Every structure is written in C-alpha cells, then in structure tokens.
Amino acid sequence: MFASYLPPVQPGALSLAFATALLLSLAVKFWLSSRQVRHVVQHRGQVPASFAATVPLDAHQKAADYTVARSRFGLLNLAFSSALLLAWTLLGGLDALNTWVYDATYYRFGAMTYQLSLLLAFVVIGALLDLPWELYDTFRIEQSFGFNRMTWKMYVNDALKGAVVGAVIGLPIAALILWLMGTAGANWWLWAWASWMGFNLLILVLYPTVIAPLFNKFEPLPDEALKNRVEDLMARCGFAAKGLYVMDGSRRSSHGNAYFTGFGPAKRVVFFDTLLSRLNGPEVEAVLAHELGHFKHKHVLKRMLTMFALSLAGFALLGWLASQSGFYLAFAVQPNLAAPNDALALLLFMMVLPVFAFFFTPLSSLMSRRDEFQADAYACKHARGADLASALLKLHEDNAGTLTPDPVFARFYYSHPPATERLGAILAGPQAQATT
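Under full-length UniProt numbering, the first residue of the sequence shown is numbered 1, with each subsequent residue one higher.
See below:
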C-alpha cells in the first residue's frame, strides 16, 4: 500500500534523528524539572494567599518537600533510563540479547518460541533493572512521607500475581500479533491493529470483575445514605452503573481516589476507602459529579477514539519500518537472515517511538486540562461548587500536591489544572468555569 511510495530508511539519518531527539528531550526534561524544584522551594515558606485560611503551613511545606523529593528522584531515574535506552539501542544491547536468545531457542524450539522468548527476556531484564528504583520509591519516598502502607509480603505477592497476570494476558496477544506479522502479508498491520483494539475492549470488560479483584477487595457501598445520594445524582444525570463499590486502597497507600471502571454494561463506580474516610456526603457527591461530567461530555469516548486512531497510525508505521533493514541497522541490530525479525521490530518500535512522542506532551496535557475544566463545570451544575472545591482541596492536601507548581512545568506536564486555577474557576461559578 502506502509503503511502496516511501523511500527506504537510511540508517545513519535515523540514528542521528533518534540521538538528537533523545538529547533534546533529556535537556527539556532536566530544564523543566529544575524549574519545578526551584519554584516549589522558593514558595515553600508561605501558603498562597488564596489558601491561607484553609491550608496549614505544615501541610503546604510537606507538599513542597514531597514534590521536591519526587522530582529529584525522577531526575536520577531519568538519567538511568536514558542510559539504559542508549545501551539497548545505539550501543548494541538488543542485538546482543537477540543473538543469545536466538542461539538458545531458534533451532531447538522454532521461530515462535524464539520470538516470544526474546520479548519475555527483554521484559524480565527491564523489570529487574527497574526493581531497585521501584523499591526506593515505595519504601523510602512514599513511606517517609506517610503514604506507603504496603508490607514487603504484600509487595512480593503483588509482584508475583502481576507477573502471572501479565504472562497470561500478554503472551497470547503477543503470539497473535507475531503470527499475523508473519502470515497476513503486507497488510498484517491492519489485522494486528484490529486484534489489538478487540483485545483492549475485552480487557475493559474483564478488568473490573476478573483482574482487579485479584489485587484488591471490592465490597458494595455500605453507607445507605451515601448510596441514596449517589444514586439520586446518577439518576439526575441519566447515568447507569452496575454497582457502587468500596476498594480497600488503604492496605497499600493513604492516597485517595474515586473512579469509573469497565465498559458498556460492566461499568461500575469505585471509591477508595481512604476517600470515603476523608470526605463527607456532599463532597463525595461533587467528586462523582465531576466524573460523570467526563462521560456526559464524551471525554472517555473521545479519548478512546483518539487512542484507536493513534494506534492505527502506529501499526501502519510499524508495518513499514519492520520491512526496512535500515530500521534495524540504525539501532545497531543485525537483522536475522534465517529467522523472522518481527519481535525485534516490536521491541525497537516500543523503545524508539516514545522519544519522538514526548514532544507532543504539551498538546495532550492541554486537551486533558480542558476536559477537567468542563467536568468541573458539569459538577457545579449538578452538585454544589463549594463542596467540589472543599473535596479537591482535601484530596490535594492528603496527596501532598503542591499548591505552587512552576507555571511552565505545569503547562507542559499537568493533565489537571493547578489547584489555584481549578479552584478559582469552580468558585467563579459554572458559567465562568466553562469558558476558562
């Protein structure tokens, strides 16, 4: 199809483009994070005037310290992950792994076993290299600020269950895509995209009732008064859900949240127990009204359709690159001569694409913040704006979200508006908020 009209990949040009994009993205990330740390530290000593009556100084300072600690840790992790990415690509790491897996599996077990083994080896090595960072994040940073409630036993159990679930879910879809790449002809990417979309829709249906209960307990909302309030709200908004549930999020973290999960008839409302312990009935109603606003404005559907379109473009691009020897050579990988290169193409694509996609982050952040303003405006029409503002402020404090982010950092990364802008729009009223 369209691939026949495209020029062949030039390895040198692609290597240079990748290295340039990686260095530029690193520079931007370090610059933005440095700005964030300086700005938060500079404003640590005083609560913003608009929050002075509601946020204690010690809570404001805890949020500042938490933000700085996570930012500095993030910079170290960024340096490590970038070096690892270079090692896998331009320095020949993936080629070395491929040679080892190929020699160990291809002639004894066949092409599909070789390719799945390569994917599995890459994932396992990556998980082991990420493990020290994850442990430090959970048991040092989160614990030192009083958020982590996970024990070592619980962590190990979650890791083992996650590995089993990942294998049960991931290996079959990987095998299907690899099979399509090898047997469906030049348009394999179209069939693979359709399979991937069907798989994602199936997971949306299965996650609430099959996957999530493996990690958390979900019980029907026991508070009858709150249940009636929530059901009345959903009736006013014309929304139906399969059930209202409370999740034992407090077993792992003190962070609170509420969300909709599932798809179609499997939709359900889930409240963290930490959220219900912190908010009163009107505040819970207002938070839920915000989530309903996302559905009423079709934000969820629009994001799903956007994901479908972007994934189609991604599969089409992969369909072209996978057939180009220059794609492999650009990242120091020698294509297999006797065996298929499909697993190699998948791994390279998953590593390289995010480097270029990073530069679209401000656009996606802007669109997400717009959606949040619209959902807030909807909530203010169907609940009290003062209750929504009070709830958000409590959640902000409980999650140690900084009230003084760097404006440039927030514009680039924040999927939700900064607290000052968001609460200001809420308190200004739905009409003013809808046009913010």
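Using N, Cα and C, we set each Cβ at its ideal position, and we do this for glycine too.
Remember, predicted model here, so these are calculated numbers, not experimental data.
With contact defined as three or more Cβ pairs closer than 8 Å, the stretch 271-291 and the stretch 247-261 are in contact. The alpha-carbon separation between T67 and P282 amounts to approximately 30 Å. Under the DSSP assignment, E219 falls in the beta strand (DSSP E) whose first and last residues are 218-220. In the three-state reduction of the DSSP assignment, R268 falls in the strand class. Assigned with DSSP and collapsed to three states, N336 falls in coil, not helix or strand. A contact between stretches requires three or more CB pairs, one per stretch, nearer than 8 Å, and the stretch 342-353 meets this requirement with the stretch 101-121.
By the 16-neighbour rule on beta-carbons within 10 angstroms, N148 is buried.
Excluding five sequence positions before and after F239, the CB atoms of its chain that fall closer than 6 Å to its own CB belong to L292, given in chain order. As a beta-bridge residue in DSSP terms, Y245 pairs with P220, V270.
In the displayed model, S15 falls within a helix according to three-state DSSP. Beta-bridge partners of A225 (DSSP): none assigned. Contact between L26 and A332 is absent: CB atoms are separated by about 20 Å, not below the 8 Å threshold. Sixteen is the threshold: since fewer than 16 other Cβ atoms of the shown chains lie within 10 Å of the Cβ of R108, the residue is exposed.
Out of M181, Q374, V287, the CA that lies nearest to the CA of D387 is found in V287. Collapsing the DSSP output to three states places N280 in coil. The closest CA to that of A194, considering only Q115, Y106, A316, L22, is found on A316. Between A357 and S15, the CB-CB gap reaches or exceeds 8 Å. Taking a cut-off of 8 Å on C-beta distances, the stretch 412-426 touches the stretch 374-388, as three or more cross pairs fall below it.
Of the residues L84, Y155, W152, P362, the one whose Cα lies closest to the Cα of D130 is L84. If you draw a straight line from the Cα of R268 to the Cα of F199, it is about 20 Å long.
Here the C-alpha atom of V284 lies approximately 18 Å from the C-alpha atom of Q374.
Look at F139 here: in three-state DSSP terms it is helix. Counting along the chain, Y259 sits inside no alpha helix (DSSP H); it lies in the beta strand (DSSP E) bounded by residues 258-261. Secondary structure at N399: coil, using DSSP grouped into helix, strand and coil.
Under DSSP, S390 forms no beta bridge with any residue. Nearest C-alpha to A175 among I211, S144, W196: W196.
Taking every protein chain shown into account, the CB of R140 has fewer than 16 other CB atoms within 10 angstroms, so this residue is exposed. Under the Cβ criterion (8 Å, minimum of three pairs), the stretch 91-104 does not count as touching the stretch 211-221. Taking V246 as the centre and dropping the five residues before and after it, the same chain places the C-beta of E219, L221, F271, D273 closer than 6 Å to its C-beta, in chain order.
Per DSSP, K298 lies in no alpha helix (DSSP H) and is assigned neither H nor E. If you look at D376, you'll find it in the alpha helix (DSSP H) that goes 361-382. Under the three-state reduction of DSSP, N157 is assigned to helix.
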